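A.B. asks: Once you've had a glance at the structure underneath, I'll fire off some questions.
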Amino acid sequence: MQLKRLLSQPMDLTSFQNLLQQCQTEQDTQKRKEVEDFYFKYKQEEPASYVANIIEVICSNSSSANYAAILFRRDMEQSGDVAAVYRAGNGNPECVHEIMVRILNTMLNQTNSNSIRFLSEILGVHLERILENDPQGGVAQFPEFFQALETHFAAPTTTHQLRVGFLNCVKYICGLAYTSVTKIGGKAIIDLIFAGLEDQADAVAVAAIKCVNALILYGESDDEGETSDSIIPNSVLQQFVYKIIQRLPAMIGRRNFMDAEQALEQLVDIADMNGAVLKPMVKDIHILVTGILSPPDIDDSLKRLTIVLFSYLCENISDIRKRAKKAISEIISQFIFPYCGLFDDTLTPDWLTSEDPHHFDDQNSLLGYAESALDRISTTLGYKVVFPLIKDFVNFAKANPTVQNCFAVANIFTITAEGLARLVTKEDVIFTIDTLLELSNHPHQRVRYSVLSAIGQLSEDYAPTFQTFHEKVMPLLTKMAQDPCTAVAAHSLGALVNFLEHLKKAETYLYKDALEPVITIHLMQSNHLLSNTNSLALVASLSNTLLKNDFADMCKNYIPHILGMFNNVMETLRKSPNMSLNKPRLSYISRILECLSIVAGTLPQLFAPHIDPLLTAIMELFNFSIDDAESSLLKYTLIAVSRIVDIYPETFPKYMDPIITKLNDIFNLKYIEFDNVNEFAATDDDDCSFTISPHVLQLQAIGFDVISGIMRKTPAAFAPYLDAFLTKIQDRNFHTGSISESLKLNSIECICTAFRVAVAAPTIASPPAVHQRAFTMLVAATESNIDDIDVYQSIADSMTEYVTDYCKYVASTKDMASYTETVNKVFSLLENFENQCRKLLETSLQDIEGDDDLDPEETATMVSDTIDDFSDAIATFADVYGTFAEALGDISIDFISPLLMPVIKRWLNYYASTKKSGVSEAQITFLTSAVSVLADIVKYLSPANSKPLVESFVTIIIENTKLNKEWVEINQVCCYTAGLLFEKYEGDPGLSILIPTLLGNATELIGVVKSGELTSKEALAAYDNAITLSARMAQAFPTEIGNMSGGIAQFWASWLDLASTIQTDREEVIASIQLIISAFARNDPNFMGGNLVRALYAFFSLYFGDHHISIVEDQMNANLIEGANTVLTQIAGHGTILADTIAKCSEYVQKTYSLYTSVRQ
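End of the sequence shown sits at 1164 in the numbering used here; the numbers just go up one at a time, nothing left out.
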């Protein structure tokens, strides 16, 4: 009531002071809000009274003067021209001028440093405003300030606090464009800053350094030839920076660590924003860095900043490796590496009982700063600089095996793994593993834990080379799972998860018997949080590796226990629905949800009794308001939902309403929030700004992933929600304006799935209407700003699904109303995608090749990676083109000839026209993509329709089956397509004349790969394609092949030996299995006679090999599975030949065969 009374009449000064006092001191949240609301209302409704009162307080000796100055400056900064000071005088400059002169005079008479600072900030904001648009006119608006600056700054009687205040004002001027600074009186300001840098008072020097920092934004970049009157010459900035570097040792020598820290912070910012300025001073900075890091008595805050400074130099100064390789090596070896071992051993007892030992160490410690710096340094400087230093440090640690040094060695391997992975050699991996094996026996728990962290990280970054040494690593990990330290033992399971992710299935089976006891101990017999969490992750990871029956046998024992864990979690949350969960607890719950949803998806029959209770609990989880700023639990819950919908679509419709309701809440969240809009007493570092919430963006991206899964698996059930959902995407511009790439792409994926929903429920969602809307949205998405090749590829990948659904609908309904227009638009979009990707490729390659800081090997690697992205994009465009043939078959002939054939010709012409000047991977992409589209035409159109389209390209296909060791991927696609020609045009006599060339080419390719000369995945795939090509030729022309191979029986004998080694290309594995099955079905003497053992061995190796699980679980392979069962029945009566053949197969094949036959029985 008192506040309302005050607002009804002009507020007197005493009442205003009381209001300020309340704003400062009120502790009750509700009362404080009432006071602050009243303050803001008073400021808005009574600007004249407000300004009069607050200026009186600011210019007084009141205890609230500084607080009032902060509020007033904040109002000016946030509101600009509508700030109370301007509104009070109705925009009258004289009124504003009078106020600022009074504040200036108050500052001139002040002695308190804080008061001067806050007053100078008000003046600085005002100077920035009046000078920004009209520098010279702005000076005329406030001449008193510039006169006072000239009179007082250099005067002997002026206190250093007042000089700091003047420089604070100048900092705001320096924040303007350099043209403004020069027009105001650039030389005078520059001289003033120089004077500040040389001032005897360190506080004045720090204020001058802040001015330099403001100017650094307008310095020259590394780009040569960049000139502008808005750019301050680096020669001037370098003089400033040199004085800063000279000044810092003196501050530190006087033990003035406080000012030294501020000065060093500014130098770090300068190194971050404009490394070019520091190029000539690398030697001086090296002296400064070693001077700070070497003495043991220097404050850690300075050392931390110095480490950051050094890392920014490595990142931002081009060619620093050439300029200062010796200095860099010295700093890394003598300081950065040892600091990576500086954990606080006195806290080890606390670490042993911590729920989160992995994140126990303070990231603001010297250890944390060194880790962050080394991460940046290793990525920037690369393998050639860093790995030799690591080797030297390992030898140093062996000679000086302190706990910290040993910890540092393992920690260094962890930190640098990602940055060095591109160029690390097999010998380096052996050195690393041997070093870690030695450290794994260290008596200190922290060292052993660090070893496991390194193995876990290297398992990801050095894969798959790291996994080739499984015989060393896996026994170590299973042994350390029984470490006497619980934290170490639990951590070994996390390393196992990472290692197994990239280990071949057959190799995983070598350790299956050792893994099960590890899981049982940590999941069933331990109450340790990390043990339980990591054992759940290990169970989930094995779902992709073990055969279904093996995984089911394992999970029969674990499912009841895991469900019990989940029930305990739910009971805890029900009791405290608003509880706060730390990261380890959230991780534990997420792993339970992950494990249950993966087990449910992998073993649907076994888990079926539990699926409804699980989904009911998940719906309940949506209602808990867990205190979790990152929304982690909600993310994990949504991910679990997305997994379950794939396997139990029939169960999902009854849960649709709560799921859609929660997703709508998520899609309504704002991912941009404005900060400090009404915040009281913010400092000068808290400017009004906005914050982007990555967690909201992630939530929304996951939400779209859930929606796309529902649309695919239960399209009819989603139909009632489709219209509102598409409206939501349009209203929020997720598909065109999102700042998150994953959010944008996931929303586009949902748009491309919309038509499937309409087809499933045409009475609810009209297919023509949905097509019109969704396709328009898709086109709009492609027309938005895209500057990444990967984005074009991802959009095209989603378009493949849309084209498939749309074409199948057209084929089934003959609804051609918008068909031609749609097809033309799709081809237009893809052509535009291709052109944009070419431009992005050219720009990226220019940037890489123009980077002088990269050595030739790094340049070559980055160029290759960039071209790989381009190649993947073009290949995806080819997939979209091929989808028309796959979905429509012969109906597609109407546009394949006028639209698609020109694309194929253009790609082949581009390859041919550039071949003479040297072939690059980019050109190869156009050849392989063109041939892959031709393969789709051959495969999915009838021979009568496809042959006229492809016959003019047969020559180029055959030519490129010839071994090309540099570009073996050409051989891969051309051998595959050539094989299709023989399969589809089996009776065409024109093909027979190609056999000598093709068989010779295939034989040469097979021989080179078999010898081990070529080992890439492309070479292995080409090897598989060459083997099946020869078989397809033999099937179509047995006489010709027999004449060239010493008889057809001899050919098949050789072929069966080769077929048993096919492993990379799943399609070729299936084709070879089908060939053997058909031979058995017709009792082919070439297979059933003297080649029977070979045929059986090839059959078992292929059918029960690495692709067995994916083959038998694919419903499309029903006929193949039936044929395989027939073969097994057929050979059951052949005595011991079956058992003898199985005994010769690999352990994995024997295992899968045994499980398969036990299930059949």
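Built from N, CA and C at the ideal position, the CB exists for glycine as well. Source: prediction; values computed, not measured.
Using the rule of at least 16 other Cβ atoms within 10 Å of the residue's Cβ for burial, across every protein chain shown, is Lys1154 buried or exposed?
C.D. replies: Buried.
A.B. asks: Between the alpha carbons of Trp970 and Ile927, how many angstroms are there, rounded?
C.D. replies: Near 8 Å, if we compare the C-alpha coordinates of Ile927 and Trp970.
A.B. asks: Leaving out five residues on either side along the sequence, give the residues of the same chain with a beta carbon under 7 Å from the beta carbon of Ser1161.
C.D. replies: Here the set comprises nothing.
A.B. asks: For the alpha helix (DSSP H) holding Lys246, just list the boundary residues, first then last.
C.D. replies: Note, Lys246: alpha helix (DSSP H), 237-256.
A.B. asks: Taking just the CA atoms, how far does Glu430 sit from Asp437?
C.D. replies: If I take the Cα positions, the gap works out to 11 Å.
A.B. asks: For Gln975, count neighbouring C-beta atoms within 10 Å of its own C-beta (all shown protein chains included) and say buried if the count is 16 or more, exposed if not.
C.D. replies: The residue in question, Gln975, is buried, as its Cβ has 16 or more Cβ neighbours within 10 Å.
A.B. asks: DSSP three-state call for Ser583: helix, strand or coil?
C.D. replies: It is a strand residue.
A.B. asks: What three-state label does DSSP hand Val971 in the structure shown?
C.D. replies: DSSP places Val971 in helix when its eight states are reduced to three.
A.B. asks: Note down, one range per segment and in chain order, each beta strand (DSSP E) of at least 3 residues found wholly within the region 32-119.
C.D. replies: Correct list: empty.
A.B. asks: So Leu891 and Ala814 are in contact, right, with Cβ under 8 Å, and what is the actual spacing, rounded?
C.D. replies: That pair is a contact at about 5 Å.
A.B. asks: Grouping DSSP H, G and I as helix and E and B as strand, with all else coil, what is Cys977?
C.D. replies: Helix, per DSSP.
A.B. asks: On the criterion of 16 or more Cβ atoms from any shown chain inside 10 Å, does Thr230 qualify as buried, or is it exposed?
C.D. replies: Low confidence applies to Thr230: its pLDDT is 47, below 50, so where it sits in the model is not reliable, and the reading given next is rough at best. Flag for Thr230 reads exposed.
A.B. asks: To the nearest angstrom, how far is it from the Cα of Asp726 to the Cα of Val773?
C.D. replies: Cα to Cα, the separation comes out at about 8 Å.
A.B. asks: Residues in its own chain within less than 7 Å of Thr879 by CB, not counting five upstream and five downstream?
C.D. replies: Once the five neighbours on either side are set aside, the close Cβ partners of Thr879 are Gln796, Ala799, Asp800.
A.B. asks: Are Pro652 and Phe625 close, meaning C-beta to C-beta below 8 Å?
C.D. replies: No, the Cβ-Cβ distance between Pro652 and Phe625 is not below 8 Å.
A.B. asks: Roughly how many whole angstroms lie between the Cα atoms of Asp15 and Gly141?
C.D. replies: Those two C-alpha atoms are separated by around 34 Å.
A.B. asks: Could you have a look at Met865 and say whether DSSP puts it in helix, strand or coil?
C.D. replies: Here Met865 sits in helix by DSSP.
A.B. asks: Would you mind reading off the limits of the alpha helix (DSSP H) that contains His494?
C.D. replies: 489-504 is the span of the alpha helix (DSSP H), which, as asked, contains His494.
A.B. asks: Kindly list the residues whose CB is nearer than 7 Å to the CB of Asp226, restricted to its own chain and excluding five residues on each side of it in sequence; keep chain order.
C.D. replies: The predicted model places Asp226 with a pLDDT of 44, which falls under 50 and marks its position as unreliable, so this point remains unresolved.
A.B. asks: What is the residue span of the alpha helix (DSSP H) that Ser745 lies within?
C.D. replies: First-last of the alpha helix (DSSP H) with Ser745: 744-763.
A.B. asks: Are there 16 or more other CB atoms within 10 angstroms of the CB of Thr511, so buried, or fewer, so exposed?
C.D. replies: Buried.
A.B. asks: I need the DSSP call for Glu519, collapsed to helix, strand or coil.
C.D. replies: Correct three-state label for Glu519: helix.
A.B. asks: Would you give the residue range spanned by the alpha helix (DSSP H) that Ile295 belongs to?
C.D. replies: Counting along the chain, the alpha helix (DSSP H) containing Ile295 begins and ends at 285-296.
A.B. asks: Specify whether the region 1057-1075 and the region 1020-1027 touch according to this definition: at least 3 beta carbon pairs, one from each stretch, less than 8 Å apart.
C.D. replies: Result yes; three or more Cβ-Cβ pairs closer than 8 Å.
A.B. asks: Which same chain residues end up closer than 7 Å to Ala1168 when comparing Cβ atoms and leaving out the 5 residues on each side of it in sequence?
C.D. replies: Here the chain comprises residues numbered 4 to 1164, so residue 1168 is not present and cannot be evaluated.
A.B. asks: My assumption, with CB atoms under 8 Å, is that Ala704 sits in contact with Ala764. Please give the rounded CB distance.
C.D. replies: Incorrect: roughly 26 Å between the Cβ atoms, too far for contact.
A.B. asks: Pair every Cβ in the region 236-243 with every Cβ in the region 270-290, then say whether three or more of these pairs are closer than 8 Å.
C.D. replies: They touch, by the three-pair rule.
A.B. asks: Would Thr293 and Ile334 be called neighbours here (beta carbons separated by less than 8 Å)?
C.D. replies: Their beta carbons are under 8 Å apart, which means Thr293 touches Ile334 by this criterion.
A.B. asks: Which whole-angstrom value is the C-beta distance of Cys899 and Leu952, which I expect to be below 8 Å?
C.D. replies: Reading the sequence as shown, one finds Ile at residue 899 and not Cys. Going by Cβ atoms, the distance from Ile899 to Leu952 rounds to 7 Å, so yes, they are a contact pair.
A.B. asks: Are there 16 or more other CB atoms within 10 angstroms of the CB of Gln485, so buried, or fewer, so exposed?
C.D. replies: Gln485 should be labelled exposed.
A.B. asks: Which residue comes first and which comes last in the alpha helix (DSSP H) that contains Phe410?
C.D. replies: Start and end: 406-423.
A.B. asks: Rank Tyr988, Ser118, Glu264, Phe721 by C-alpha distance to the C-alpha of Ile1 and give the top, closest one.
C.D. replies: Since the first residue of the chain shown is 4 and the last is 1164, residue 1 is not available in this structure.
A.B. asks: How should Cys214 be labelled, buried or exposed, when 16 other C-beta atoms within 10 angstroms of its C-beta is the threshold for buried?
C.D. replies: Counting Cβ neighbours within 10 Å, Cys214 comes out buried, since at least 16 surround it.
A.B. asks: By how many angstroms is the C-alpha of Ala1034 removed from the C-alpha of Trp1058?
C.D. replies: About 7 Å.
A.B. asks: So is Ile196 buried or exposed if we call it buried at 16+ other beta carbons inside 10 Å?
C.D. replies: Its Cβ being crowded by 16 or more others within 10 Å, Ile196 is buried.
A.B. asks: Along the chain, where does the alpha helix (DSSP H) containing Asp302 start, and where does it finish?
C.D. replies: First-last for Asp302: undefined, no H or E at that position.
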